Each structure stands twice: as structure tokens, then as C-alpha cells.
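Asker: The sequence shown begins at 0 in numbering that gives the first Met the number 0 and counts up one residue at a time. For every residue, glycine included, the Cβ atom is placed at its ideal position computed from N, Cα and C. As the structure is a computational prediction, the values presented were derived from the model and not from experiment.
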Amino acid sequence: MPTWTAAGFVRRLSEARIGSTFNFYAQGVGADIRRARLTKYLECRGDARIVLVGEAAGYRGARVSGLAFTSERQLTGTGPAEASATIVHGTLAELGLSDDVLLWNVVPTHPHRAGDSSSNRAPTRSEAEAGLLFAEELAAGRRVIAIGRLAERALGAPYVRHPSRGGATAFHAGLMQLLDA
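(1) Under DSSP, the alpha helix (DSSP H) around Ala-35 begins and ends at which residues?
(2) Under 9 Å between the Cβ atoms of Asp-170 and Thr-77?
(3) On the criterion of 16 or more Cβ atoms from any shown chain inside 10 Å, does Val-9 qualify as buried, or is it exposed?
(4) Nearest-angstrom Cα distance between Ser-117 and Gly-130?
(5) Taking 8 Å as the threshold, find out whether the segment 105–114 comes into contact with the segment 57–75 through three or more Cβ pairs.
(6) On the DSSP letters alone, give me the boundaries of the alpha helix (DSSP H) that Leu-132 sits inside.
(7) Please check the pair Asn-104 and Ala-67, which I expect to be a contact at CB under 8 Å, by giving their CB distance rounded to whole angstroms.
(8) What are the start and end residues of the alpha helix (DSSP H) that includes Leu-51?
(9) Nearest to Arg-16 by CA position, among Ala-150, Pro-107, Asp-31, is which residue?
(10) Could you give the DSSP three-state label for Ile-17: helix, strand or coil?
(11) Under a three-way DSSP split, which group does His-109 fall into?
(12) When we look at the beta-carbon of Val-28 and count the other beta-carbons within 10 Å, is it buried (16 or more) or exposed?
(13) Flag this pair as yes or no: are the beta carbons of Ile-144 and Asp-99 separated by less than 9 Å?
(14) So Ile-86 and Pro-157 are supposed to be a Cβ contact under 8 Å. How far apart are they, rounded?
(15) For Leu-102, name the three-state secondary structure that DSSP assigns.
(16) Would you grab the beta carbon distance between Leu-154 and Ala-134 for me? Rounded to a whole angstrom, and I think it's under 8 Å.
(17) Could you please give me the residues that DSSP links to Arg-142 through a beta bridge?
(18) Do you know offhand how far Leu-149's Cα is from His-88's?
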């Protein structure tokens, strides 16, 4: 069996078709930058003990940055900000876990409403099933925590409230409780 590599994982992801989601690792301006960022991120987080898995890539976060729960503004100081990304990274920094957590999504590509790439929609069951293969690969050997109910159902992992739409306090408290931080 071949040895796992971040580059191989990212190549397979960039070739994936996950329902009617937009694969921003394969298409669009900056796809090469997003692939390179994800490869480096996965290499740097190779020893992370914990993986936090959300629902799907959002139009202001991973679709632009290439990294789950991360906005372009957090990486470069320019571009769109994303509230959930700010909350997740702030909480991880406060808990001293920034370098020991890998962030991912059940659906690593962007589900959006037809004709509106600047929207988010819930992934379909088949999209979640197709994306789950990537999440399970990254979760192997790590402690898995689901962010949101869709991730909980897909992974069968302990759940924390998603930080969006007023969930920041519950996300923080839930993560602290699960990690005994």
C-alpha cells in the first residue's frame, strides 16, 4: 500500500466530483494557491491529535482560502472575513490548541444555491456521503469532534454547537467541556 502524502490527498480531492458542489481546488481563479495552501496545512498538521469537522466549505471561508474554518483575511490580511472562522480560531488560540487541531469539513467543497456562488446551502445526503471519505481519511488515528449536527450525524462523533448564528458561546463551552480544557 502506498504511503499517505498530503500532496496525494490534495490531488485526489482536486479530482473529486461531490454532487453539484463547486470544487475550488480544481476550478476558479486561485485553485493552484488553494491546493498549495491545503498541502502545506496538512503537512504542518500531520501530528495533530484532534480533528474538528464542520458541515461544508462556505463561500467566504474555505471556498476562497482553501482551508476549513479559515478566511482569506486571516491568512493574508485582505479579502473576505468569515465569522465562524474568526470564532473557531480565537477559541483554539485561547485554549492553546491552535497547533494541535486539524480543521476539516464533511463536504470539503462548496455547496451553493444554483446560479448563486455567493451563497451557502446544506449539502445533500449524497454529497455528505461522498465527502465523508475524505473526512474519514483525515480523522484516522485522531480524536474527532463534530461541529454542528450534520457533522455529528455523518461521523457519529461527539458534537459541539456550530459557532454561527449566535452559537459562539455554546461552541466555546462545548469544546472546553469535550476537551476538559
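Answerer: This is what the structure holds:
(1) Run containing Ala-35: 30–43, per the alpha helix (DSSP H) assignment.
(2) In the sequence on display, residue 170 carries Phe and not Asp. Not a contact, by the Cβ cut-off of 9 Å.
(3) So Val-9 ends up on the buried side.
(4) Rounded to whole angstroms, Ser-117 to Gly-130 spans 21 Å at the Cα level.
(5) Contact holds: three or more Cβ-Cβ distances are below 8 Å.
(6) Judged by DSSP secondary structure, Leu-132 falls within the alpha helix (DSSP H) whose first and last residues are 124–138.
(7) The beta-carbon separation of Asn-104 and Ala-67, rounded to 5 Å, stays under the 8 Å limit for a contact.
(8) Where Leu-51 is concerned, there is no enclosing alpha helix (DSSP H), although the beta strand (DSSP E) it sits in stretches over 49–55.
(9) For Arg-16, the nearest C-alpha among the options comes from Pro-107.
(10) Coil at Ile-17, not helix or strand.
(11) Of the three classes helix, strand and coil, the one that applies to His-109 here is strand, per DSSP.
(12) A residue is called buried once 16 or more other Cβ atoms fall within 10 Å of its Cβ, and Val-28, having fewer, is exposed.
(13) No, the Cβ-Cβ distance between Ile-144 and Asp-99 is not below 9 Å.
(14) The C-beta distance from Ile-86 to Pro-157 rounds to 19 Å, too long to fall under 8 Å, and the pair is not in contact.
(15) Strand at Leu-102.
(16) Yes, Leu-154 and Ala-134 are in contact; Cβ-Cβ is about 7 Å, under 8 Å.
(17) Per DSSP, Ile-49.
(18) So the alpha carbons of these two residues sit roughly 21 Å apart.
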